[in-house]
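In the working numbering, the protein residues as written are 75 to 323.
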Amino acid sequence: MYRSEWVDRGYPSACASASAAPPPPDGFLRVYHLCEARYAIANVENSRLKVATFADANDPFELSVFFSRDPAQQLRLKDFVDDVAKRFGIVCFSKDWLDPTLWSHYGDRHQGIALGFDVSERHLLPVRYQPQRVVFPSAVAPDLVDQFLGTKYASWAYEREQRIIVEFASAEREIVKLPTGIDRELFFEKFGSEVRLREVIAGPLCSEDVVALRAKVNSLHSDVTTFKSRLADKFFSVVPDEPTVPPRR
């Protein structure tokens, strides 16, 4: 339906949404945030995404791109990592949603929802994947913080991750009470001119009624395409469920 337009924008012809939704405008990238359905719906209702802290990350090697064998440098490295972890959080996206592994790991075993966003290119940090950690430099380079925040082990490359880096000092925050009775502070990135909701994609096993889901989304946001996905017939991919894709506007 929109495939030629996606290709004209530099996307591969096989990108999952090319048959379902229009591509992003110049200066923006279409990226996808997968999560449980209840959280995705809350994100849509509240126009925000939860910011992940590095303490909660599923990769124990986050912020561990560097190492040092020198005791003095080890202390300096630890101080640097601690400072970065205290100041910054991340909102994680993938460049596409067709990989079934993404749905298994982040989309509640295919029962969740993928939210597609047009995010300003200047607002995103592409993750670099490398096979080895490197020695912590003695001189601080201008991109040192980005190297900490945006480098992961090569095996994570299937995620094709892009990140929004959020400073906690400027983030929206909310205090929630945990089941243990302890208060916890959560941080959020608001939707807006730099982060625009454009797609809502129910997973292949999502129990949400797509018609009701579309009505809810359309009551809160404009220019959003809502549809259900399915497992591809001939490939190891997740693809749009064509009968649920709305007609081209």
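A virtual CB, placed ideally from N, CA and C, is assigned to each residue, including glycine.
| task | Could you tell me if Ser281 is buried or exposed, where buried requires 16 or more neighbouring beta carbons within 10 angstroms of its beta carbon? | result | exposed
| field | Lys124 vs Leu294 beta-carbon contact at 8 angstroms | value | no
| request: State the Cα-Cα distance for the pair Ala126 and Tyr76, rounded to the nearest angstrom. | output: Ala126 and Tyr76: Cα-Cα distance of roughly 33 angstroms.
| task | Below 8 angstroms CB to CB, which residues in the same chain sit around Arg112 once its five sequence neighbours on both sides are set aside? | result | Cβ neighbours of Arg112 beyond the five flanking positions: none.
| Reduced DSSP category for Pro200 - H, G, I as helix; E, B as strand; rest coil | Strand, per DSSP.
| Nearest-angstrom Cα separation, counted from Tyr232 out to Ser93 | 22 angstroms
| query | Under a Cβ-count criterion, where at least 16 other Cβ atoms within 10 Å of its own Cβ denotes burial, should Arg104 be classed as buried or exposed? | reply | buried
| query | When DSSP builds the beta bridges, which residues end up paired with Lys257? | reply | For the sequence presented, residue 257 should be read as Asp rather than Lys. Answer is Lys251, bridged to Asp257.
| said: Let's see if you can read the secondary structure: which residues bound the beta strand (DSSP E) around Tyr227? | reply: Thr225 to Tyr227
| field | Separation of Val193 from Val165, as counted between CA atoms | value | 12 angstroms
| task | Would you check if the segment 138-150 and the segment 269-288 touch, i.e. whether three or more CB-CB distances between them fall below 8 angstroms? | result | no
| message | Taking its Cβ as the centre, do 16 or more other Cβ atoms sit within 10 Å of Pro205, making it buried, or is it exposed? | response | exposed
| Host beta strand (DSSP E) of Ala188 (start-end) | Ile187 to Ser194
| Beta carbon of Ala90 nearer than 8 angstroms to that of Pro314 | Taking 8 angstroms as the Cβ cut-off, Ala90 and Pro314 qualify as a contacting pair.
| Are there 16 or more other CB atoms within 10 angstroms of the CB of Pro216, so buried, or fewer, so exposed? | exposed
| message | According to DSSP, simplified to helix, strand and coil, what is Gln236? | response | strand
| For Thr300, does the three-state DSSP call read helix, strand or coil? | strand
| said: Within the continuous alpha helix (DSSP H) that includes Ser178, where are the two ends? | reply: Bounds of the alpha helix (DSSP H) holding Ser178 are Pro174 to His179.
| query | What first and last residue would you give for the beta strand (DSSP E) that runs through Leu123? | reply | Arg122 to Lys124
| query | Where Ala286 and Glu79 are concerned, what is the direct C-alpha to C-alpha distance, given to the nearest angstrom? | reply | Answer to the nearest angstrom: the Cα atoms are 29 angstroms apart.
| Per-residue DSSP class, three states only, for Leu279 | coil
| query | Hey, out of Arg304, Val219 and Thr300, whose CA is closest to Pro321's CA? | reply | Thr300
| field | Spatially closest choice to Leu172 from Phe310, Ser229, Val214 and Leu137, by CA coordinates | value | Phe310
| task | Starting from the C-beta of Val240, find all residues in its chain whose C-beta is less than 6 angstroms away, skip the five residues before and the five after it, and write them out in chain order. | result | Val125, Gly163 and Glu263
| message | Using 8 angstroms as the threshold, is the C-beta distance between Phe167 and Tyr85 below it? | response | no
| message | Please report the distance separating the alpha-carbon of Pro200 from that of Val219. | response | 13 angstroms
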